[in-house]
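First comes the structure, then the notes that go with it.
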Amino acid sequence: MNGPATGPVAGPGRVERRRGLPAADRTRAEEDPRRPAGSRSDLRERFPLGVWPTPLTRAHRLEAALGLGPVLVKRDDLAGFAVAGNKTRPLEHLIAAALRGGAEVLVTGGGPGSNFVAAAAVAARAAGLECELVIWGDPEGAPAIELARATGARIRPTGGTERSDVDRLVAERAAEIGARAYPVPRGGSTPVGALGFADAADELAAQLSGRRPAAIVLPVGSGGSCAGLLAGGLDIPVVGVSVSRSPEEIRATVLDLADRCAALRGTAPPRPELLEIVDARGPGFGAASAAETEAALLALRTEGLLLDPTYGAEAFAEVLHRAGAPTRAEPGPDSRTGLAEAPIVWWHTGGVLPAGAWLARQGSIGSPAPAHRAPIPSGRRP
Ligand SMILES: *Cc1c(COP(=O)(O)O)cnc(C)c1O
Numbered sequence: 001m002n003g004p005a006t007g008p009v010a011g012p013g014r015v016e017r018r019r020g021l022p023a024a025d026r027t028r029a030e031e032d033p034r035r036p037a038g039s040r041s042d043l044r045e046r047f048p049l050g051v052w053p054t055p056l057t058r059a060h061r062l063e064a065a066l067g068l069g070p071v072l073v074k075r076d077d078l079a080g081f082a083v084a085g086n087k088t089r090p091l092e093h094l095i096a097a098a099l100r101g102g103a104e105v106l107v108t109g110g111g112p113g114s115n116f117v118a119a120a121a122v123a124a125r126a127a128g129l130e131c132e133l134v135i136w137g138d139p140e141g142a143p144a145i146e147l148a149r150a151t152g153a154r155i156r157p158t159g160g161t162e163r164s165d166v167d168r169l170v171a172e173r174a175a176e177i178g179a180r181a182y183p184v185p186r187g188g189s190t191p192v193g194a195l196g197f198a199d200a201a202d203e204l205a206a207q208l209s210g211r212r213p214a215a216i217v218l219p220v221g222s223g224g225s226c227a228g229l230l231a232g233g234l235d236i237p238v239v240g241v242s243v244s245r246s247p248e249e250i251r252a253t254v255l256d257l258a259d260r261c262a263a264l265r266g267t268a269p270p271r272p273e274l275l276e277i278v279d280a281r282g283p284g285f286g287a288a289s290a291a292e293t294e295a296a297l298l299a300l301r302t303e304g305l306l307l308d309p310t311y312g313a314e315a316f317a318e319v320l321h322r323a324g325a326p327t328r329a330e331p332g333p334d335s336r337t338g339l340a341e342a343p344i345v346w347w348h349t350g351g352v353l354p355a356g357a358w359l360a361r362q363g364s365i366g367s368p369a370p371a372h373r374a375p376i377p378s379g380r381r382p
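Going by this note's numbering, 36 is the number at position 36 of the sequence shown; the sequence numbering is gapless.
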């Protein structure tokens, strides 16, 4: 009877009780024969953080402004936990796994602008875990790092700018701490973390109630979100907009993660033919091209959506491209929705904290006049 968004959840009560036990008793609780460690039902448990389902909305004003085909927006920017966006989903599974294993310290890392490290710190604190963050580059004053610090997380700069040092130093630090540590690589993109987006595939399927979109478009960084979606087994093409890695590298990473995630879930392996990767590295990680900047402002001015320059603007530019010249995959009106064409699902992954900072840096761009005037909905005339 459970809907997809209310699947098995690690209830706060149960986790509370376990956190309160002395170490020896906790071990005994973990060995409870009714809950074999690592069983599938365990793996589907989540530590509840977000508010699900996130809305699926139609971007009517955007469509009207540009004459686009139907665009549905999956609002993971409204995931309901801090400003964690899409990172809320993997963290529900990663935190649950850490607690199940009796861990007391979450050890992870990333760059100074990483939404994952900020979200991981807030989630760890909410679950009663300590948090240590290995950060490349200069962490001073970065909003994501300040947010993490506000939760009490310890920041450990690598002292260099080499990103790949992070995962090695996370593993080293976790080994130093020992059994109390739960190490998580950059972005939370492990098979366990990807379970979060496999849940999200079920969540979306329920919201589509039979409609079949032409594609789901989402930005791809470390690949866990895209991998989870594929592992979720929807019969919908997934377009991953890669912002930091070459298409070849990220495709292999996503498919490998999706395979291992599906194996954890005990579901069918992902279908590689449903995955398309778009190369959006453009002017470099964290930088938006002029067209992407324009796209982000359009999303703000038509739909009130905040897009960040690293992920959101890139993916949205791809959405515009596809919705403007859509493959009329399944033409003809849909009896339930009245949609004339197969919609594009645009996964808005969040990034609200950097989006605000980015807009603040832009100053006033372009004309202050509205690009278009929206019709006043009937029945709501002033
Ligand atoms: C992390 C992140 C992504 C990419 O997700 P991955 O699972 O790392 O591929 C996309 N958008 C935003 C806003 C993010 O913070």
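By construction, the Cβ of each residue, glycine as well, lies at the ideal position given by its N, Cα and C atoms.
Who are the Cβ neighbours of residue 233 in its own chain at under 7 Å, not counting the five residues just before and after it? Indexing the sequence shown from 1 puts residue 233 at position 233. Exclusion of the five residues before and after residue 233 leaves 201, 267, 268 as the residues of its chain whose Cβ lies within less than 7 Å of its Cβ.
What's the gap between the Cα of residue 271 and the Cα of residue 140? Numbered from 1 along the sequence shown, position 271 holds the residue referred to as residue 271. Numbered from 1 along the sequence shown, position 140 holds the residue referred to as residue 140. Those two C-alpha atoms are separated by around 43 Å.
Taking all protein chains shown into account, decide if residue 55 is buried (16 or more other Cβ within 10 angstroms of its Cβ) or exposed. For the purposes of this step, residue 55 is identified with residue 55 of the sequence shown, where counting begins at 1. Label assigned to residue 55: exposed.
Selection from 118, 87, 63 that minimises the alpha carbon distance to residue 226: As a first step, residue 226 must be located in the sequence shown, where it is residue number 226. Looking at the Cα atoms, 87 is the closest of the given residues.
Pop quiz: residue 98 and residue 106 are said to be a contact at Cβ under 8 Å. What is the actual Cβ separation, rounded to whole angstroms? Locating residue 98 in the sequence shown gives position 98, counting from the first residue. Locating residue 106 in the sequence shown gives position 106, counting from the first residue. Yes, residue 98 and residue 106 are in contact; Cβ-Cβ is about 6 Å, under 8 Å.
In three-state DSSP terms, what is residue 216? Numbered from 1 along the sequence shown, position 216 holds the residue referred to as residue 216. In the structure shown, residue 216 sits in a strand (DSSP, three-state: E or B).
Can you pull the DSSP bridge partners for residue 74? As a position in the sequence shown, residue 74 is number 74, starting the count at 1. Per DSSP, 56, 347.
With DSSP as the reference, identify every bridge partner of residue 157, one or two as the case may be. In the sequence shown, residue 157 corresponds to position 157, counting from 1. For residue 157, which the question treats as bridged, DSSP gives the partners 135.
Which partner residues does residue 183 have in the DSSP bridge list? By 1-based counting over the sequence shown, the position of residue 183 is 183. DSSP lists 107 as the beta-bridge partner residues of residue 183.
Measuring from the CB of residue 74, is there a heavy atom of ligand 1 at a distance below 7 Å? One-based indexing of the sequence shown puts residue 74 at position 74. For ligand 1, not one heavy atom lies less than 7 Å from the Cβ of residue 74.
Please report the residue range of the alpha helix (DSSP H) in which residue 250 lies. Locating residue 250 in the sequence shown gives position 250, counting from the first residue. First-last of the alpha helix (DSSP H) with residue 250: 247–265.
Mind checking who residue 101 pairs with in its DSSP beta bridge? Within the sequence shown, numbered from 1, the residue matching residue 101 stands at position 101. DSSP, once it has assigned bridges, lists no residue as partnering residue 101.
Pick helix, strand or coil for residue 177, following the three-state DSSP scheme. The residue you call residue 177 lines up with position 177 of the sequence shown. In the structure shown, residue 177 sits in a helix (DSSP, three-state: H, G or I).
Residues bridged to residue 241 [DSSP beta-bridge criterion]: For this step, residue 241 is matched to residue 241 along the sequence shown. Looking at the DSSP assignment, residue 241 forms a beta bridge with 219, 278.
Integer-rounded CB distance, given that residue 96 should sit under 8 Å from residue 45: Translated into positions along the sequence shown, residue 45 becomes position 45. Translated into positions along the sequence shown, residue 96 becomes position 96. By a beta-carbon distance limit of 8 Å, residue 45 contacts residue 96. Their separation comes to about 5 Å.
By how many angstroms is the C-alpha of residue 110 removed from the C-alpha of residue 199? Here residue 199 is taken as the residue at index 199 of the sequence shown, counted from 1. Here residue 110 is taken as the residue at index 110 of the sequence shown, counted from 1. In a straight line, the C-alpha of residue 199 is about 25 Å away from that of residue 110.
Under 8 Å between the Cβ atoms of residue 222 and residue 178? Translated into the one-based positions of the sequence shown, residue 222 becomes position 222. Translated into the one-based positions of the sequence shown, residue 178 becomes position 178. Between residue 222 and residue 178, the gap from beta carbon to beta carbon reaches 8 Å or more.
Ligand 1 and residue 167: does the residue's C-beta get closer than 7 Å to at least one heavy atom of that ligand? In the sequence shown, residue 167 corresponds to position 167, counting from 1. Result no, Cβ not under 7 Å from ligand 1.
Just how far apart, CA to CA, sit residue 172 and residue 283? As a working mapping, residue 172 is identified with position 172 in the sequence shown. As a working mapping, residue 283 is identified with position 283 in the sequence shown. For residue 172 and residue 283, the distance between alpha carbons rounds to 33 Å.
What residue from 218, 351, 286 has the CA that sits closest to residue 254's CA? As a first step, residue 254 is located in the sequence shown; it is residue number 254 there, counting from the start. Minimum Cα distance to residue 254 is reached at 218.
C-beta atoms of residue 316 and residue 291 nearer than 8 Å: Sequence index remark: in the sequence shown, residue 316 carries index 316 (1-based). Sequence index remark: in the sequence shown, residue 291 carries index 291 (1-based). Taking a C-beta distance under 8 Å as the contact criterion, residue 316 and residue 291 do not qualify as a contact pair.
What is the DSSP secondary structure of residue 130, reduced to helix, strand or coil? Reading the sequence shown from its first residue, position 130 is the one you call residue 130. DSSP places residue 130 in strand when its eight states are reduced to three.
If you measure from the CB of residue 213, is any heavy atom of ligand 1 nearer than 7 Å? Along the sequence shown, one-based indexing puts residue 213 at 213. Not one heavy atom of ligand 1 lies closer than 7 Å to the C-beta of residue 213.
Which same chain residues, not among the five before or five after residue 362, have their C-beta less than 7 Å away from its C-beta? The residue labelled residue 362 in the question sits at position 362 within the sequence shown. A distance below 7 Å between beta-carbons, with the five flanking residues on each side excluded, links residue 362 to no residue of its chain.
Anyone know if the C-beta pair for residue 155 and residue 149 falls short of 8 Å? The count along the sequence shown starts at 1 and reaches residue 155 at position 155. The count along the sequence shown starts at 1 and reaches residue 149 at position 149. The answer is yes: Cβ separation under 8 Å.
Are the CB atoms of residue 62 and residue 349 within a distance shorter than 8 Å? Locating residue 349 in the sequence shown gives position 349, counting from the first residue. Locating residue 62 in the sequence shown gives position 62, counting from the first residue. Not closer than 8 Å, so no.
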